Each structure stands twice: as structure tokens, then as C-alpha cells.
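First to last, the protein sequences are chains A and B. 1 is the number of the first residue of the first sequence in our numbering; add one for each residue after it. 1001 is the number of the first residue of the second sequence in our numbering; add one for each residue after it.
Protein chains: 2
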Amino acid sequence: MKCIRCKKEAEVELKSHNAAFCRDCFLLFFYNQLNKAVKQFKMFDKEDKILIAVSGGKDSMSLWSALLELGYNTTALFVDLGIGGFSELARSKVEAFSDRFDAPLRVVELKKEGIPIPEVVKKIKRPACAVCGRIKRYYFNTEGLKGGFDVLATGHNLDDETSRLFSNVLHWKMEYLEDQSPVLPSEEGLLKKVKPFFRLTEFEIAAYAFFKNIDYLTSGCPFSKGATFSTYKRHLNRIEYDSPATKIDFYQGFLKNLRPLLNKKNKEELTRCRVCGYPTFGEVCFVCRLKGLA
Amino acid sequence: MKCIRCKKEAEVELKSHNAAFCRDCFLLFFYNQLNKAVKQFKMFDKEDKILIAVSGGKDSMSLWSALLELGYNTTALFVDLGIGGFSELARSKVEAFSDRFDAPLRVVELKKEGIPIPEVVKKIKRPACAVCGRIKRYYFNTEGLKGGFDVLATGHNLDDETSRLFSNVLHWKMEYLEDQSPVLPSEEGLLKKVKPFFRLTEFEIAAYAFFKNIDYLTSGCPFSKGATFSTYKRHLNRIEYDSPATKIDFYQGFLKNLRPLLNKKNKEELTRCRVCGYPTFGEVCFVCRLKGLA
Chain A
1 MKCIRCKKEA EVELKSHNAA FCRDCFLLFF YNQLNKAVKQ FKMFDKEDKI
51 LIAVSGGKDS MSLWSALLEL GYNTTALFVD LGIGGFSELA RSKVEAFSDR
101 FDAPLRVVEL KKEGIPIPEV VKKIKRPACA VCGRIKRYYF NTEGLKGGFD
151 VLATGHNLDD ETSRLFSNVL HWKMEYLEDQ SPVLPSEEGL LKKVKPFFRL
201 TEFEIAAYAF FKNIDYLTSG CPFSKGATFS TYKRHLNRIE YDSPATKIDF
251 YQGFLKNLRP LLNKKNKEEL TRCRVCGYPT FGEVCFVCRL KGLA
Chain B
1001 MKCIRCKKEA EVELKSHNAA FCRDCFLLFF YNQLNKAVKQ FKMFDKEDKI
1051 LIAVSGGKDS MSLWSALLEL GYNTTALFVD LGIGGFSELA RSKVEAFSDR
1101 FDAPLRVVEL KKEGIPIPEV VKKIKRPACA VCGRIKRYYF NTEGLKGGFD
1151 VLATGHNLDD ETSRLFSNVL HWKMEYLEDQ SPVLPSEEGL LKKVKPFFRL
1201 TEFEIAAYAF FKNIDYLTSG CPFSKGATFS TYKRHLNRIE YDSPATKIDF
1251 YQGFLKNLRP LLNKKNKEEL TRCRVCGYPT FGEVCFVCRL KGLA
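This is how it looks when you write it as C-alpha cells:
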């Protein structure tokens, strides 16, 4: 198979784009998709201070790498969850990347915060991933605002977004559909959030990480019993196999056709946590309650 | 496994209803689902003259049988497509049913109308199923109105409806989504249309047909190269297998949450065919043009 751009031997075939690329042309394609996403949704520009949420995994590490390559002003934020060897390994990957590219990195340690995930999970009877997600969001927002960042970027890819959309559509979870977008504007006490990889698949990001020799964490968190949307990802992959480009059409079609019909219902009024000032529905926010500060 | 209703040996397991039934209790369940659909969408009542579109297949024959059993005023309409042995076999099944239950039946012969499907397909370069569907709809509407019928009932089941919905949602075909409903009101020159089986799956209808000893056509039309939505049916069956009741939730959720948001766009104005009076966008309707009457 030949590269459709330069006719050299192809290394990557992308059925959904009806294309095959050599390494160099694939990277051009990759940056092009990333730039398209950033521009289409006015995510950020070269003036903005971007905080990247990094976990040590393929997607966030690749996002960090690609935004650095493209010359954006980035700082990574790693939340050390305190999950024994898993968190240690993740942190070592993140720190090694930071050293290798001399890239700014901030770390929040949940142990120092008094709420390491293993202890939190023992205490409260909710799914670990949901609780952990809320805690991480708290620190992304509070650290981001403290540090004067303009925007928070996460590594969510097309497979993440479409499997989430698929689940929300199959069960018509209208309130979640309203919140699904590659960009969510800043609100009082919350950073603007963007997903620059929303046009790129897991496969394409893995190819980028491979070509760029990015060392990332491949083991899953011991607290997640099978990623939430993995079933839907599997189904969508089968559909995509039968009809290439279904995923991107499904997601872009949603943004174009359905999302404008969804009127933001008046959300319950957020107040500020009386301990830390974080937006909350109650008097004291989730994290301060976990810390026993209520 | 025991029947959840009477504790006799179960013959049918229905995971989506978290149930298993013996033959008699399954039939009660079946009529109950049918009645629910009819009432929820005010499809028809005992006073209405119902025209049932029958093809000789499992779904339409079962609908005919069930509506007769429940004491509705029904007449079946069979459109003989003139497709050699296929149409002859279909017609023989339909006529045998009519004889067996002394049930009123009308037949339209496309040969006599001058537009048998094999000739039509040769003449015009469009997918056979789409053309055939339009011709059948023409006769369902014109015969129905001529005969003074109040409503046209078709055998579309939950699998038909959800696979169509699935396809329309994956590609966000908003204009098709607007038209997707278990009931479509009558319009000038068009009968009210209802789908009383929309809550019942193919499997449930096949079980009903088996228990009622209904002889139906099992061979597919030689002109259809794999039913249009069969791929989506396959995907949905896999999803249903992983999470029972997804299909019915998906469809009912659509009717409840999304459909009310879809504003009927002002449809292009229909005029009447100057030959036969059928609603059309042009001067002469599709069928009259096929007949060379333009």
C-alpha cells in the first residue's frame, strides 16, 4: 500500500478517511486534525496558558507532546491518586516526559491532601471511577484558576466521545447530551474545558505515540473494573468496521444537528463552598467533605 | 424455567422483560403489548375500519391474526407484485389465511395495473426496494381511501423500528427522525398509518405465529439484496444481548425525549396528481408516470 500523499510505502491505513500514509505524512495528517479541532471550536491560541490534565496514559501524554510540538504554552497537571505501584509508575512516566522535553509539570498528591483514592473508596459507597473523576476535576479547576490558566485541555479522543454519545443516545440522557461538546465555556469558579483530540481515534493516537516514541502507562487502574464505556466502544468499533467513518459522522452530526436543539435547562443554582470557595450545590463541596472539613 | 405468571413450565424466555412464560401466559403478554401500543397512541378502536397491509410474511400475517382475534374490524390488502413464483407463493399464503379464518381480503395486481415490479425495475435505475415501497404505499393509500377505511396498519415490529431509528440517529437524518413514529396522522389524500406491533420484537412475533400455527412466507424477495437495515439489526441484537431492554428503551426514549424537540419543518407543498388525484410534488404522481400516463 502506498501513501496517498507522497506515494512512499504506507505505514498506517485509515479506512475512515479512505487513506493510507507513510510516517511523515501521517504526522502531518495528525497535526492537521488537531489544528482543525482547535480552530473549529476556538479552543485556544498561542497567547493562552493551557493546563493539560495528564494521567500518564497514551492520550494525555500524546496531547502534551503534540501541543508542545505545535508551540503552545502548556503546563501539565498530574494528580497523584496514591494508588500504590500504579500511581508510582504513572508518575514516573509523566516526570520522565517532563524531564526529557523540559516541559512544565505540576503535581498534586492526594496523599498530602489527606484523600488518597484507596482510603476514599473504602469510606464511601460509590463507584471508584465516579468519585476519582470528581476529585480530579476539583484539582484541575482549582489548580488551574490558582495558576492563572485560561483553559484546561484533556486527552479525550473520538472513541471516548462517541462511546459516551452512543450511551447517552441509546438511553436518551438529555441532560448529559446537553453537556457533551469538544468545548465547554468557563463558568464562575470553573475553567474552560477543551478536547483537542476529539477528531482523532485511539488507533491514530497510538500510532502518533509510537512514531514519537512516547513512553506511556499501559496498565489499567486496579480500581476500575473494565472502563465504563468499553462495551459501547466495542459495538461502535464493529459498526465502524462495517461502515468506515460512522464514528466521526455520528459525532459531528450530533454537534451540528442535535445539540442546537437542546436548550440548556436552568441548572440548579451553584453556590460556593464555605471552606474553599469551589462551586457546589450544597454548603460544603465534595472534596472538603471528603477531607472532613465540613 | 417456570412461567413467572402461573409457574407452569415456561416455553418462552424474554430477557428484555425479565420474564419467562408458558404458551398461554405468553399469548396474554403478547395481546397486552399490542393493546398497550394501540391505546398509548390512540391507533384505532372497535368502530374503525382497519386496512392491514399484508405481504404474506411473519409480521403482517401475525398482525392480521391478532387483530382478528381481538375483534377488530379488519380487511387485508395484498399487493401482488408480479414477481414470479415469489409473489405466487406469498399470495397463496395470504389467500389460505383469508379462507381459513373467513377474513376479508383485497388484492391489487401490479400486472393488471401494467407495472409489475420486474418490468419497473428494468426500466428505472433506482433501488428496487425503494421503488416497490412507493408503489405499495400508493395502493395502500388509494385503495384505503376508496374503500372508506379509517386507518392503515402495518406489521412493523420493534426490531424494524429500532434499526431504522438507529440508522437515522447514527447519521442524524433529522427529516427522517421527524417522520418516525408508531402513528402518523392522516393527511389530505393519505390514510392515517399505525404500527401496532412496535412494542413487540421479531422473536416475540415469531413465537406468536408458531403458537397460532400461522403459515407464512419465509423466503425473501429475489429483488432485495439483503434487507436494508439488517446490519443495524445485527448490531442492535448484540447490544440487546449485552443489556436486555435497550431496544425498547431506545425507542420509547426517542418518542418521549427527542421527538418533541423536532419541529416539523414546513414541508414542500404537496399538490394533486392531475391524472389520479394522489398527493404529489410534481404534476403527475410517481405511479402514473410509471404507467406512462404523464
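Virtual Cβ for every residue (Gly too), placed ideally from N, Cα, C. On a predicted model such as this, the values are computed, not experimentally measured, just so you know.
Neighbour list for residue i in chain B, Cβ cutoff strictly below 7 Å
| i | result |
| --- | --- |
| Asn257(A) | Trp1172 and Met1174 |
| Val169(A) | Val1169 |
Rounded separation between residue i and residue j - CA only
| i | j | result |
| --- | --- | --- |
| Lys146(A) | Phe198(A) | 27 Å |
| Arg164(A) | Gly144(A) | 25 Å |
| Cys285(A) | Glu113(A) | 15 Å |
| Arg126(A) | Cys132(A) | 10 Å |
| Val107(A) | Asn1157(B) | 55 Å |
| Lys1212(B) | Phe281(A) | 58 Å |
| Ile1115(B) | Val1054(B) | 19 Å |
| Asp1159(B) | Glu11(A) | 41 Å |
| Glu161(A) | Ile4(A) | 28 Å |
| Ser1243(B) | Asn1237(B) | 10 Å |
| Val79(A) | His1235(B) | 38 Å |
| Ile52(A) | Leu261(A) | 31 Å |
| Met61(A) | Gly155(A) | 8 Å |
| Arg274(A) | Leu293(A) | 10 Å |
| Ala1020(B) | Asn1168(B) | 32 Å |
| Ile135(A) | Tyr241(A) | 36 Å |
| Asp48(A) | Ser65(A) | 17 Å |
| Leu1063(B) | Gln1040(B) | 17 Å |
| Arg276(A) | Thr75(A) | Note that residue 276(A) is Cys in the sequence shown here, rather than Arg. About 23 Å. |
| Pro1279(B) | Asn1141(B) | 10 Å |
| Leu34(A) | Lys1291(B) | 55 Å |
| Ser87(A) | Lys15(A) | 36 Å |
| Ala1153(B) | Lys1192(B) | 9 Å |
| Met1174(B) | Ile1248(B) | 20 Å |
| Cys1022(B) | Ala1206(B) | 15 Å |
| Asp1045(B) | Leu258(A) | 36 Å |
Under 7 Å by beta carbon: chain A residues contacting residue i
| i | result |
| --- | --- |
| Phe1254(B) | Trp172 |
Where residue i falls, given that 16 or more other Cβ within 10 Å makes a residue buried
| i | result |
| --- | --- |
| Tyr1216(B) | buried |
| Ala37(A) | buried |
| Cys25(A) | buried |
| Asp1179(B) | exposed |
| Pro1185(B) | exposed |
| Thr1201(B) | buried |
| Ala1130(B) | exposed |
| Phe1030(B) | buried |
| Ile124(A) | exposed |
| Gly56(A) | buried |
| Asp102(A) | exposed |
| Ala1090(B) | buried |
| Cys6(A) | exposed |
| Arg137(A) | buried |
| Glu1204(B) | buried |
| Ser230(A) | exposed |
| Ala1209(B) | buried |
Contacts that residue i makes with chain B (C-beta to C-beta distance below 8 Å)
| i | result |
| --- | --- |
| Lys293(A) | First, the residue type needs correcting, since residue 293(A) is Leu and not Lys in the sequence shown. Under the 8 Å cutoff, chain B gives no residues; its nearest Cβ is about 39 Å from Leu293(A). |
| Leu261(A) | Leu1261 and Leu1262 |
Closer than 8 Å to chain E by CB, residue i
| i | result |
| --- | --- |
| Met43(A) | Absent from the structure is chain E; the protein chains it does hold are A and B. |
Residue i Cβ short of 7 Å to the ligand ZN heavy atom set
| i | result |
| --- | --- |
| Leu290(A) | Questions concerning the ligand ZN fall outside what the structure shown contains, since it holds no ligand whatsoever. |
* Asked: Of all the residues that make up the stretch 218-252 of chain A, which are near chain B by a beta-carbon distance shorter than 7 Å?
  -> Thr231, His235, Arg238, Ile239, Asp242, Thr246, Asp249 and Phe250
* Interface residues of the stretch 1134-1162 of chain B facing chain A [CB-CB below 7 Å] -> For the stretch 1134-1162 of chain B, the set of positions with a beta-carbon nearer than 7 Å to some beta-carbon of chain A is empty.
* Ranges of the alpha helix (DSSP H) found wholly within the stretch 1019-1094 of chain B, counting only runs of at least 4 -> Listed in chain order, the complete alpha helix (DSSP H) runs (minimum 4 residues) inside the stretch 1019-1094 of chain B are 1023-1040 and 1058-1069.
* To do: Write down every uninterrupted run of the beta strand (DSSP E) in the stretch 100-151 of chain A whose length is 3 residues or greater and which is fully enclosed by it, in chain order.
  => Whole beta strand (DSSP E) segments, 3+ residues: 105-109.
* **Within the stretch 256-291 of chain A, ranges of the beta strand (DSSP E) (whole runs, at least 3 residues)** => none
* Asked: What alpha helix (DSSP H) runs, 4 residues minimum, are completely inside the stretch 1150-1233 of chain B?
  -> 1158-1170, 1174-1178 and 1202-1211
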